[in-house]
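For the sequence shown, position 126 matches number 126 in the UniProt record's numbering, and the numbering has no gaps at all.
Heads up, the thing below is written out as structure tokens.
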Amino acid sequence: MTANECYRPPTDAQLRYMVQWFHEWSEMQRGDFLPVLAQKLAPGTYVNGLLSGVETLSCNEGRPPSLFQCRVKLFREWFETWSQAERDQLLGHIKSMDPAFYNKVQEELETLSNKAGNGPVAALEKEEDVPAVSEENGIVQGNGEDSSEPESNIVENGDEPQDATGSINGEEENPATS
Numbered sequence: 001m002t003a004n005e006c007y008r009p010p011t012d013a014q015l016r017y018m019v020q021w022f023h024e025w026s027e028m029q030r031g032d033f034l035p036v037l038a039q040k041l042a043p044g045t046y047v048n049g050l051l052s053g054v055e056t057l058s059c060n061e062g063r064p065p066s067l068f069q070c071r072v073k074l075f076r077e078w079f080e081t082w083s084q085a086e087r088d089q090l091l092g093h094i095k096s097m098d099p100a101f102y103n104k105v106q107e108e109l110e111t112l113s114n115k116a117g118n119g120p121v122a123a124l125e126k127e128e129d130v131p132a133v134s135e136e137n138g139i140v141q142g143n144g145e146d147s148s149e150p151e152s153n154i155v156e157n158g159d160e161p162q163d164a165t166g167s168i169n170g171e172e173e174n175p176a177t178s
């Protein structure tokens, strides 16, 4: 690697980073990410590349970019190199983590395609086109079929999720300290 080249993680690592970052983002940050994601899913739908031009403007003159801004910049760079299947994996994770956000993305894409006079945007035309995803050994994989298992280990009664070994969140429960 030369001094002008920078490290680019493998695509599966990029997807894991994006999933983790999305999980960490606040509602406000997710709202800021929405038009960025929509632009990537439906390029050419923003008039005269307005979003692309606005994104370079900064009110932080003299200050370094925020961590969120750096992550969005990486997303923009990485997304261009992903296959459609990899893009669908990210959407599948977003759908399982935040269905309301996923629906907002669909609405944004519909709005953009209607303004542009196009038909429905193919990227999210049908919900069943987004594959179900699972994580095995830390690698994001789409299995392309519906799973009857819950996509989340969130427990609605407020208790911590437990696995079959009686551990909480992957840590062994010690009865002496409980």
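All residues carry an ideal CB built from backbone N, CA and C; glycine is no exception.
Small disclaimer: the values here were computed from a predicted structure and weren't measured.
Counted as a single uninterrupted DSSP element, the alpha helix (DSSP H) harbouring S96 occupies residues 84-97.
Close CB contacts of R30 within its chain, under the 8 angstroms cut and outside five residues either way in sequence, are with F22, D98, F101 (chain order). A residue is called buried when at least 16 other Cβ atoms come within 10 angstroms of its Cβ; E108 meets this threshold and is buried. Rounded to whole angstroms, the separation of the alpha carbons of V36 and I94 is 14 angstroms.
In the structure shown, the three-state DSSP call for E61 is coil. The Cβ-Cβ distance between S113 and A38 does not fall below 8 angstroms. Separation of the CB atoms of K104 and L34 is rounded to 6 angstroms, and the pair is thereby assigned contact status at 8 angstroms. Shortest Cα-Cα distance from L67 to any of K40, E5, W25 involves W25. Between L91 and the set C70, E80, Q106, the nearest pair of CA atoms involves Q106.
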